[in-house]
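This report concerns only the one structure given below.
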Amino acid sequence: MKNVDEDIDEKIKKAIKEGNKFGDCEIYVYQANSTTANLNKNTISSVESATNFNVGFRIFIDKKQGYVLSNKIDDDIVKRAVTIAKLSKEVDFYGLPEANKEKYKEVDKKILNFELDDVKDFLKIFDEKNTLNEGSIDYGIAAGKILNSNGVECEEEISFFEADGLCIAESNNIRNKDKSTAIDGREERFLFDVGNFMENLKRKAISSLNPKKIKEIPKVVIFNQQTFGELLALFVDNFDARAVDKGESLLTGKINEGIGNLNLTIIDDPLMKNGVNTITFDGEGCRTKRNLLMKDGIVKNFAYDWTMAKKFNAEPTGNAVRGGAGIPAIGFRNIVIDSKNKVKEIFDEYKKVLYICSVSGMHTANALTTEFSVKVDRGFYVENSRMIPLKNFLLSGKVIDMEILGIDGNVENRGGIYAPNAVCKGVNIVA
24 MKNVDEDIDE KIKKAIKEGN KFGDCEIYVY QANSTTANLN KNTISSVESA TNFNVGFRIF
84 IDKKQGYVLS NKIDDDIVKR AVTIAKLSKE VDFYGLPEAN KEKYKEVDKK ILNFELDDVK
144 DFLKIFDEKN TLNEGSIDYG IAAGKILNSN GVECEEEISF FEADGLCIAE SNNIRNKDKS
204 TAIDGREERF LFDVGNFMEN LKRKAISSLN PKKIKEIPKV VIFNQQTFGE LLALFVDNFD
264 ARAVDKGESL LTGKINEGIG NLNLTIIDDP LMKNGVNTIT FDGEGCRTKR NLLMKDGIVK
324 NFAYDWTMAK KFNAEPTGNA VRGGAGIPAI GFRNIVIDSK NKVKEIFDEY KKVLYICSVS
384 GMHTANALTT EFSVKVDRGF YVENSRMIPL KNFLLSGKVI DMEILGIDGN VENRGGIYAP
444 NAVCKGVNIV A
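Pasting the structure below:
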């Protein structure tokens with residue numbers, strides 16, 4: 024698939040030329056071809072192919088914004104945006120990004136050649152006792168192009184591959200028909216080992232069979248990559264400069280200050296090799312760059328789009344992101360975590376811990392305070408490396424109040440957060 028079909032280039036440029044008669048304007052064209060295999064009861068239940076094409080046109084007239092989302096480029100798109108702008112209230116506006124021309128391409132040819140017949144082999148991993156109850160495999164190519172009236176002209180083309188599933192395992196014990204579940208997902212720009220993903224999903228479900236009630240609550244908790252990534256996502260949202268500007272971030276006014284006990288280094292690296300969100304320009308056409316957000320627990324910077332950077336008199340960090348051709352918002356690319364406290368073999372260092380592997384209810388957490396109260400669906404009592412599965416229990420606390428005793432080097436991509444296992448104190452447990 025070409026980045027954006029050549030026959031629409033003329034229409035894009037025409038729209039910018041026409042829009043510029045009224046004010047500063049930009050156009051973003053998004054195109055994606057995808058295939059989705061829906062999985063149910065160890066089989067492929069259906070296969071869907073889709074082509075998405077949408078166009079977002081945005082114009083600013085006297086600090087009033089007009090935006091139109093359409094599935095085609097026609098003469099009316101500019102007229103409609105102009106009409107909307109004239110009827111709108113004023114917004115923060117400091118001009119559009121300056122001229123920048125870039126092309127970014129990261130396409131894994133293995134994804135282009137992926138065959139759904141291979142999925143049938145992956146499903147043989149499961150059986151009557153260990154069932155892939157539901158799941159999906161989604162893959163394809165996405166392309167985007169942005170132009171603005173200041174000379175921005177940037178194009179991207181990327182591949183993507185995603186897998187997710189819910190496995191239900193059943194005990195072989197005739198007297199105890201216990202069942203356990205495991206849910207997981209993975210998204211990358213490259214074709215990863217789907218068989219390995221499915222094997223791990225099955226293993227996780229089986230490992231939680233025949234759980235016991237907590238008899239002793241250790242002082243130390245280890246969060247695996249999945250759960251630590253969810254907790255970090257709750258905190259990282261506070262680096263959004265728009266939230267800071269509105270006073271909706273706990274980091275407002277905290278540059279060069281510490282926050283709680285969270286003695287971590289946090290970096291947003293949009294140029295990371297093989298990163299799930301790697302790109303050289305953002306959703307407005309600004310160049311992206313590595314952004315040190317926190318250093319050893321000290322807040323160093325925020326994530327800015329063009330407008331917030333100008334308002335804060337700061338350097339743009341290239342953090343404008345889009346959903347398709349939607350209006351850009353501030354988001355993060357590849358969040359990398361580091362700490363002075365490194366642990367080589369985490370379970371050798373800590374002999375008696377709770378190991379938290381899956382939680383539910385994180386959607387109720389408060390990003391402004393980082394308070395959370397969740398149910399632990401998959402947890403283990405670990406003593407001298409022996410893991411005992413536990414019945415569900417409650418876990419609560421504040422991310423910023425957790426004391427990070429150490430992290431290991433076993434990092435996984437969890438929704439763009441590259442999270443390690445983390446040893447922590449300072450959470451509350453109710454068994």
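The working numbering puts the sequence shown at residues 24 to 454.
Positions of the beta carbon are idealized from the N, C-alpha and C atoms, including for glycine.
Next on the checklist: If contacts are defined as beta-carbon pairs under 8 Å, then N65 and L139 qualify, I think. What distance do you get, rounded to the angstrom?
Outcome noted: At roughly 15 Å, the Cβ-Cβ gap does not stay under 8 Å, so N65 and L139 are not in contact.
Checklist entry - Beta-carbon separation of K128 and E210 under 7 Å? => result no
Item to check | Contact set for N233: own chain, Cβ-Cβ below 8 Å, skip 5 residues either direction | outcome: S194, N196, N199, D201 and P412
Checklist entry - How far does the beta strand (DSSP E) with K128 in it reach, from first residue to last? => result N123 to E129
Next on the checklist: Using the Cβ count rule (16 or more neighbours within 10 Å means buried), how would you classify P443?
Outcome noted: buried
Item to check | Per DSSP, the bridge partner or partners of C190 | outcome: L155 and A205
Checklist entry - By how many angstroms is the C-alpha of K236 removed from the C-alpha of V453? => result 11 Å
Item to check | Cut-off 6 Å between Cβ atoms - residues of its own chain near N436, not counting five sequence neighbours on either side | outcome: V299
Next on the checklist: Taking 7 Å as the threshold (C-beta atoms), are D291 and R356 in contact?
Outcome noted: yes
Item to check | Endpoints, beta strand (DSSP E) assigned at T330 | outcome: Run containing T330: none in the beta strand (DSSP E); it sits in the alpha helix (DSSP H), W329 to K334.
Checklist entry - Taking the Cβ atom as the reference point for each residue, do I353 and D263 lie within a distance shorter than 7 Å? => result yes
Item to check | Short Cβ contact (7 Å threshold) for A348 with Y51 | outcome: yes
Checklist entry - Should the segment 445-452 be regarded as contacting the segment 423-431, the criterion being three or more beta carbon pairs within less than 8 Å? => result yes
Checklist entry - What number of angstroms, rounded off, separates the C-alpha of K421 from the C-alpha of K277? => result 18 Å
Checklist entry - Touch check for the segment 370-390 and the segment 328-339: three-plus C-beta pairs under 8 Å? => result no
Next on the checklist: So, for F145: in the same chain, excluding its five sequence neighbours on each side, which residues have a beta-carbon less than 7 Å away from its beta-carbon?
Outcome noted: V217, G218 and M221
Item to check | DSSP-derived helix/strand/coil call for L214 | outcome: coil
Next on the checklist: For the structure I just gave you, are there three or more beta carbon pairs, one from the segment 71-81 and one from the segment 359-373, closer than 8 Å?
Outcome noted: no
Checklist entry - Can you round the beta-carbon distance between N94 and F213 to whole angstroms, since I take them to be within the 8 Å contact cut? => result About 30 Å separates the two Cβ atoms, so there is no contact after all.
Next on the checklist: Could you compute how far the alpha carbon of E394 sits from the alpha carbon of S182?
Outcome noted: 36 Å
Next on the checklist: Quick check on the DSSP output: the beta strand (DSSP E) that includes V114 runs from which residue to which?
Outcome noted: No beta strand (DSSP E) contains V114, which DSSP labels as neither H nor E.
Checklist entry - If we count the other Cβ atoms within 10 Å of its Cβ and call it buried at 16 or more, is D247 buried or exposed? => result Checking the sequence shown, residue 247 turns out to be Asn, not Asp. With 16 or more Cβ atoms within 10 Å of its Cβ, N247 is classed as buried.
Next on the checklist: Taking a contact to mean a Cβ-Cβ separation below 7 Å, would you say I358 touches L287 in this structure?
Outcome noted: no
Item to check | C-beta contact flag for A388 and L257 at 7 Å | outcome: yes
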